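These notes concern the structure reproduced below.
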Amino acid sequence: MLRTTLAGLRLHKSRYVTTVLAIMLGVMFTTGTMVFADTLKAGYEKTVMGAATSVDAVAVEGEREPEDPGDPWETVPLTDEHLEQVRALPQVSAADGMARGEAVLLDGDGRAFGFFPPKALSFGEHSRFSAAEGSLPADGGEIALATSTAEQLGFAVGDRVTVLDRDQEKREFTLTGLVDFGAEPIYSQAGAIVFDPATLREMTGVRGYAEIDALAAQGYTDEQVADAVSEAVGSGFEVRTGERFGLDMAEGSGADTEMLRVVLLLFAFIAMFVAGIVIYNTFAILIAQRQRELALLRCVGAKRSQVFRSMLAESLVVGVVSSVLGVLAGIGIGMAGAALGGPALGMGAADLAVTPAAVATGLVLGTVVTVFSALVPATRATRVSPLAALRTSATAAGLEKGTGWVRVVLGLLAFAVSAALVAVSRFSGTGTTGPVIVTGAALVAFLGVVVLGPLLVRGIVGAVGLPLRRVGVPSMLAVDNSVRSPRRAATAMIALTVGATLITGYSV
Numbered sequence: 001m002l003r004t005t006l007a008g009l010r011l012h013k014s015r016y017v018t019t020v021l022a023i024m025l026g027v028m029f030t031t032g033t034m035v036f037a038d039t040l041k042a043g044y045e046k047t048v049m050g051a052a053t054s055v056d057a058v059a060v061e062g063e064r065e066p067e068d069p070g071d072p073w074e075t076v077p078l079t080d081e082h083l084e085q086v087r088a089l090p091q092v093s094a095a096d097g098m099a100r101g102e103a104v105l106l107d108g109d110g111r112a113f114g115f116f117p118p119k120a121l122s123f124g125e126h127s128r129f130s131a132a133e134g135s136l137p138a139d140g141g142e143i144a145l146a147t148s149t150a151e152q153l154g155f156a157v158g159d160r161v162t163v164l165d166r167d168q169e170k171r172e173f174t175l176t177g178l179v180d181f182g183a184e185p186i187y188s189q190a191g192a193i194v195f196d197p198a199t200l201r202e203m204t205g206v207r208g209y210a211e212i213d214a215l216a217a218q219g220y221t222d223e224q225v226a227d228a229v230s231e232a233v234g235s236g237f238e239v240r241t242g243e244r245f246g247l248d249m250a251e252g253s254g255a256d257t258e259m260l261r262v263v264l265l266l267f268a269f270i271a272m273f274v275a276g277i278v279i280y281n282t283f284a285i286l287i288a289q290r291q292r293e294l295a296l297l298r299c300v301g302a303k304r305s306q307v308f309r310s311m312l313a314e315s316l317v318v319g320v321v322s323s324v325l326g327v328l329a330g331i332g333i334g335m336a337g338a339a340l341g342g343p344a345l346g347m348g349a350a351d352l353a354v355t356p357a358a359v360a361t362g363l364v365l366g367t368v369v370t371v372f373s374a375l376v377p378a379t380r381a382t383r384v385s386p387l388a389a390l391r392t393s394a395t396a397a398g399l400e401k402g403t404g405w406v407r408v409v410l411g412l413l414a415f416a417v418s419a420a421l422v423a424v425s426r427f428s429g430t431g432t433t434g435p436v437i438v439t440g441a442a443l444v445a446f447l448g449v450v451v452l453g454p455l456l457v458r459g460i461v462g463a464v465g466l467p468l469r470r471v472g473v474p475s476m477l478a479v480d481n482s483v484r485s486p487r488r489a490a491t492a493m494i495a496l497t498v499g500a501t502l503i504t505g506y507s508v
């Protein structure tokens with residue numbers, strides 16, 4: 001039976017073209033999404049970590065206690081005294097503070113840049129940021145800009161730039177350098193201006209530091225430096241190693257690659273759902289066409305179980321081959337998507353991240369969907385007696401049955417579950433839970449359409465067919481065939497229904 005199955009696959013490869021394409025596209029979408037998201041995440045972490053790991057410890061400003069006077073939303077800055085205490089530590093070889101305020105930057109036409117004022121900063125040579133081009137400002141007549149800000153405004157090193165001070169008076173500066181803030185959105189997307197420390201205080205009135213960056217002295221680890229800095233600045237301020245600081249930023253800010261992954265995977269699973277329908281239809285047609293062949297195998301001694309296993313073996317081979325092709329194509333799609341999407345999202349380049357989970361998910365999902373979708377057609381292949389199959393034509397005769405009450409109950413139950421899931425999604429809050437629940441509700445509703453398909457076809461064709469019968473004989477035959485074989489018409493309808501639903505949902 002195994003040799004017969006493999007020989008049939010080799011002889012009739014063209015039969016499985018639609019099945020291979022359907023499952024390959026679904027697996028490609030799934031694997032490509034995972035590779036795309038993993039590569040973007042790695043690029044984002046690499047960009048953030050590149051700046052954070054240039055220092056060994058980072059102390060950040062603290063939050064104001066509820067009982068403290070003043071604005072509860074204001075932070076408690078680090079002071080010059082804190083900076084001197086950190087510099088005096090034996091575990092620290094050098095340290096600098098980064099002060100942060102806001103200032104209005106004007107474009108070439110004298111209009112304010114951005115919806116909100118860019119961040120105004122000052123930091124020293126031992127900070128985690130440095131000039132990517134040119135140099136940092138050395139006096140009150142010089143400034144630096146974030147690379148992304150300069151690109152948006154068309155400024156280059158050497159240009160004259162106008163900034164409003166805290167009294168809304170215009171001040172002109174010479175642009176001496178560009179600073180690459182990587183993927184930190186507070187600077188790279190909102191904009192950033194870098195002054196020397198004295199000019200920053202004059203322009204914004206800010207006092208203190210938003211963070212203090214420290215470098216380890218020889219013989220000390222970054223954990224030891226972080227512990228020493230934490231003790232020096234006292235309670236109320238958070239101190240982390242540079243690596244931990246970068247990881248926390250990568251997880252809590254910037255582009256939400258996890259949300260992007262979930263949304264794309266939801267579409268990938270819908271594609272796999274459609275692929276399953278195509279596989280079901282293809283195998284149902286193939287089995288109907290091969291009833292004589294299968295009956296002949298039964299006549300020469302093949303058991304029902306052997307015929308069943310033979311059909312599943314076909315689906316397994318098709319599923320594995322299609323999944324391998326889909327995984328390879330998905331890796332290419334993911335790589336191309338990351339190469340195009342990374343720069344658009346302000347992320348640095350990263351090596352292609354092809355994880356075992358992405359490969360395994362594509363292979364397992366494609367194979368399982370293929371075999372599962374072929375179960376019902378394979379079961380039907382064993383229900384026709386050998387002699388009865390030999391006497392009938394290669395059609396699906398005998399496979400059309402009435403639409404019983406069980407089908408009606410299951411279909412209505414699916415719609416009820418779908419409605420309940422939609423209601424639950426309204427209370428899911430933010431995050432990925434809501435989209436997952438809504439997508440699950442859509443898939444359950446599709447299952448209801450699949451189950452009730454023959455009933456829906458009879459009703460729709462009966463209504464639409466009345467005027468079509470008057471058009472001519474071909475239209476009359478089409479209507480009669482659809483009514484006579486509602487299951488066959490319903491299976492063709494489902495894939496179109498899913499496609500139309502996706503297009504409509506996306507448009508809305």
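So in full-length UniProt numbering the end of the sequence shown lands on 508, straight run, no missing numbers.
Using N, Cα and C, we set each Cβ at its ideal position, and we do this for glycine too.
Please read all numbers here as calculations on a predicted model, not as lab measurements.
D56 carries a coil assignment under DSSP once its states are collapsed to helix, strand and coil. The C-beta separation of T370 from G337 comes to about 25 Å, leaving the pair out of contact by the 8 Å criterion. Within 10 angstroms of the beta-carbon of N281 lie 16 or more other beta-carbons, which makes it buried. Contact annotation, I186 with A120: C-beta distance approximately 12 Å; criterion of less than 8 Å not satisfied.
Around the C-beta of Q291, 16 or more other C-beta atoms lie within 10 Å, and the residue is accordingly described as buried. For D96, the enclosing beta strand (DSSP E) starts and ends at V92 to E102.
Beta bridge pairing from DSSP links F173 with V161. Within the segment 178-231, the beta strand (DSSP E) runs of at least 3 residues that lie entirely inside it are, in chain order, 192-194 and 211-216.
If you look at T241, you'll find it in the beta strand (DSSP E) that goes E238 to T241. In the DSSP assignment, A156 falls outside any alpha helix (DSSP H) and carries neither an H nor an E. Here T33 is buried: its Cβ has 16 or more other Cβ atoms, across all protein chains shown, within 10 Å. In the three-state reduction of the DSSP assignment, L89 falls in the coil class.
Under the three-state reduction of DSSP output, S485 falls in the coil class, being neither helix nor strand. Residue pairing by DSSP places L121 opposite R100 and V194 in a beta bridge.
Distances from the CA of E223 to each of F245, A210 and V206 were compared; the closest alpha carbon is that of F245. Ranked by how close their Cα comes to the Cα of T199, the residues A271, S230 and A103 have A103 in first place.
Residue burial annotation: G182 is buried, with at least 16 other C-beta atoms found within 10 angstroms of its C-beta. In terms of Cβ geometry, E211 and A59 form a close pair [threshold 8 Å]. Per DSSP, V321 has no beta bridge partner at all.
DSSP places G134 in the strand class (E or B) of the three-state scheme.
Around the C-beta of I460, fewer than 16 other C-beta atoms lie within 10 Å, and the residue is accordingly described as exposed. Taking 8 Å as the cut-off, the Cβ atoms of P118 and L105 count as close.
DSSP places L468 inside the alpha helix (DSSP H), whose first and last residues are G453 to L468.
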